[in-house]
Amino acid sequence: MNKLKLFLIISVLAAFIAACGQASTPTTNTAKNDNKSAVNAPSPNAPAATPAVVNDIAKAENLYTVNCMTCHKATGKGGKTTVDGKEINPDDITTAKQKAKPDEKIYGYISDGFPDDGMPSFKDKLKPEEINLIVKHVRTLQK
């Protein structure tokens, strides 16, 4: 009986030591799929996101999904696609060249569009604050 108790105590102690030896640093999820970009763990010193900020992030992603994703894809990489029977080749909005453009320029592209290239104008469909949210979402795709 004493050997059984000793074995159990040693087993529990070994499990405890093994658990304590694991790294306590946050891990980073770098898995990607077609609809989501890489997600990094927040810094432990980062302030918690407010409900308004979380709501804006969700609204921005939804606006992009509804208005932009058909052509520019979930990743922002664009590429050849057919919309309303017309083959178009939307720009990759994640390039360094696009990233270097000021928000106002990206806003103008969304607002005014490029009808000859197949990109519609959204100024009559979206409110200015909605276009600004899409610009913010585009910036997240460029990271």
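Residue 154 in the numbering used here sits at position 132 of the sequence shown; the count goes up by one each step and never skips. Note that CB positions come from ideal geometry on N, CA and C, so glycine has one too.
Cα-Cα separation, residue i to residue j
{"i": "Phe136", "j": "Ile128", "result": "12 Å"}
{"i": "Leu155", "j": "Asn77", "result": "11 Å"}
{"i": "Lys147", "j": "Thr103", "result": "22 Å"}
{"i": "Gln164", "j": "Ile31", "result": "54 Å"}
{"i": "Thr97", "j": "Cys90", "result": "11 Å"}
{"i": "Val75", "j": "Glu109", "result": "37 Å"}
{"i": "Ile115", "j": "Ala71", "result": "26 Å"}
{"i": "Arg161", "j": "Pro73", "result": "20 Å"}
{"i": "Pro150", "j": "Ile79", "result": "16 Å"}
{"i": "Ser143", "j": "Ile132", "result": "6 Å"}
{"i": "Met81", "j": "Glu152", "result": "Position check: residue 81 holds Lys in this sequence, whereas Met was assumed. Approximately 8 Å, taken between the alpha carbons."}
Expected contact under 8 Å - CB spacing of residue i and residue j to nearest Å
{"i": "Val88", "j": "Asp125", "result": "The pair is not a contact, with the Cβ atoms about 20 Å apart (cut-off 8 Å)."}
{"i": "Val105", "j": "Gly130", "result": "That pair is no contact at about 21 Å."}
{"i": "Asp134", "j": "Lys123", "result": "Not quite, the Cβ-Cβ distance comes to about 14 Å (not below 8 Å), so this is no contact."}
Residue i, buried or exposed, once every other Cβ within 10 Å from all chains shown has been counted against 16
{"i": "Lys95", "result": "buried"}
{"i": "Glu83", "result": "buried"}
{"i": "Gly107", "result": "exposed"}
Neighbourhood of residue i by C-beta, 6 Å cutoff - its chain only, sequence neighbours within 5 removed
{"i": "Tyr86", "result": "Ile156, His159"}
{"i": "Pro112", "result": "Cys93, His94, Gly100"}
{"i": "Lys121", "result": "Gln164"}
Where residue i sits in the DSSP three-state scheme
{"i": "Lys158", "result": "helix"}
{"i": "Ile115", "result": "coil"}
{"i": "Val104", "result": "Residue identity differs from the one stated: residue 104 is Thr in this sequence, not Val. If DSSP states are grouped into helix, strand and coil, Thr104 belongs with the strands."}
{"i": "Ala60", "result": "Annotation note: pLDDT 43 at Ala60 (below 50); position unreliable, no value reported."}
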